[in-house]
Amino acid sequence: NEKFTVSSFMESKKKGRKISMLTAYDYTTAKLLDTAGVDSLLVGDSLGMVVLGYENTLQVTLDDMVHHCRAVARGAKRSLIIGDMPFLSYHVSAEESVRNAGRLVQEGGVHAVKLEGGREILKHVKAILDAKIPVVGHLGLTPQSVNMMGGFKVQGKSEEQARAIIEDALMLQEAGVFAIVLECVPAKLARLISERLSIPTIGIGAGSDCDGQVLVMHDMAGMYSDMVPKFAKRYAQVGEQIEEAAKMYIQEVQEKLFPEEKHTFKIDEETLSKLY
Ligand code: KIV
Ligand code: NA
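Sequence positions in the sequence shown follow UniProt numbering and run 3 to 278.
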């Protein structure tokens with residue numbers, strides 16, 4: 003199977019072939035999703051919530067991201083790996099933004115980075131692109147701005163907000179990003195933006211007219227229940243399965259049903275007799 007690249011994103015949009023993306027944070031999961039044939043793996047800073055147990059994504063550090071990107075990069079063969087730039091790693095200066103994006107590529111092994119925001123981070127997006135690191139944009143609900151937004155809320159319902167998102171999308175495209183994630187915006191606004199852009203949009207809670215879709219793996223597989231957003235379709239109940247499996251294991255340990263003979267190792271009788 004051929005590698006999915008930055009150009010594959012553009013070709014997919016031209017052909018009307020939908021792009022599939024899922025988050026991954028570790029080697030084993032990355033390998034499973036890559037083998038399943040997903041186009042792109044996002045090492046999202048959502049790992050702060052679903053892997054590290056934080057309330058939001060603000061406490062995730064660049065070191066956390068590098069650590070998880072490395073694990074995912076080792077597990078994926080075909081899919082394009084995108085690493086999220088965490089809060090404050092692309093806000094201070096263009097220089098710092100390039101250095102930090104560079105760490106995700108050089109130490110983390112990702113192919114591209116994703117940044118939340120529009121016009122306010124444009125200078126930093128351009129600097130990262132100048133270093134030849136492909137960039138994905140992220141507009142609408144941008145979780146790193148949760149304290150400014152006053153919660154995780156749908157964005158772009160008012161004319162003013164919708165216009166700002168459209169303009170930001172066009173500015174990011176003009177700057178050279180190869181895709182834009184649209185999170186929690188009305189489906190018809192996402193459709194309008196997708197039609198207006200030549201680069202693909204990747205939607206999450208943004209309807210079916212985006213050029214691709216992304217879901218958090220733990221939502222997709224049904225493993226995370228602290229917060230279940232409206233758009234989080236559960237394709238399996240892996241969380242319940244793990245809990246059930248653990249209950250059976252606990253019971254078998256207590257009843258001495260596990261381990262069985264076939265799970266154990268032998269020593270020959272003669273050697274054993276010398277030990278008594
Ligand atoms: O961190 C993340 O998982 C994301 C996706 C929800 C787009 O940014
Ligand atoms: Na993210």
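For glycine and all other residues, C-beta sits at the position ideal for the given N, C-alpha and C. Note that this is a predicted model, so its numbers are computed, not measured.
Does the beta carbon of residue i fall short of 8 angstroms from some heavy atom of the ligand KIV?
i	result
Leu252	Note on residue identity: the sequence assigns Ile, not Leu, to residue 252. Ile252: no, Cβ never under 8 angstroms from the ligand KIV.
Glu185	yes
Val218	yes
Pro202	no
Ile206	yes
Leu35	no
Leu117	no
Leu54	no
His140	yes
Leu43	no
Leu64	no
Leu172	no
Thr25	yes
Thr31	no
Leu49	yes
Pro145	yes
residue 1	Residue 1 is absent from the model: the chain starts at 3 and stops at 278.
Thr266	no
Thr7	no
Along the chain, where does the beta strand (DSSP E) that runs through residue i open and close?
i	result
Lys116	114-116
Val138	137-142
Gly85	82-86
So residue i is in the alpha helix (DSSP H); what residue range does that whole segment cover?
i	result
Ile182	Taken as a continuous stretch (DSSP letters only), Ile182 belongs to no alpha helix (DSSP H), being part of the beta strand (DSSP E) at 181-185.
Gly104	96-108
Leu64	64-77
His126	124-132
Leu174	161-177
Ser9	8-17
Gly241	240-256
Thr273	271-277
Met229	Taken as a continuous stretch (DSSP letters only), Met229 belongs to no alpha helix (DSSP H), as it is neither H nor E.
Arg198	189-198
Met151	148-151
What does DSSP give as the partner residues of residue i in its beta bridges?
i	result
Asp41	DSSP lists no partner for Asp41.
Met23	Ser42, Val216
Gly205	Leu184, Gln215
Gly50	Beta-bridge pairing links Gly50 to no other residue.
Gly119	His140
Just to confirm, are residue i and residue j a CB contact at a threshold of 9 angstroms?
i	j	result
Lys116	Gly18	no
Gly139	Glu169	no
Arg80	Gly111	no
Val187	Leu143	yes
Asp36	Ser14	no
Glu109	Ala129	no
Ala171	Leu199	yes
Ile206	Val216	yes
His265	Val52	no
Thr25	Leu49	yes
Leu184	Leu141	yes
Met67	Leu106	yes
Val148	Leu82	no
Leu222	Phe154	Per the sequence shown, the amino acid found at residue 222 is Met instead of Leu. Cβ atoms of Met222 and Phe154: not closer than 9 angstroms.
Asp213	Lys20	yes
Ser210	Thr203	no
Val127	Ala166	no
Val74	Ala38	no
His70	Asp132	no
For a cutoff of 9 angstroms on Cβ pairs, would you count residue i as touching chain D?
i	result
Met51	This model lacks chain D altogether, as it is built from one protein chain only.
With a threshold of 8 angstroms (Cβ to nearest heavy atom), would residue i be considered close to the ligand NAP?
i	result
Asp36	For the ligand NAP, the structure offers nothing, since it holds only the ligand KIV and the ligand NA.
(request) Using the beta-carbon of each residue, find all residues closer than 5 angstroms to any heavy atom of the ligand NA and list them in chain order. (result) A distance filter of 5 angstroms between CB atoms and the heavy atoms of the ligand NA selects the following residues in sequence order: Gly46, Asp47, Asp86.
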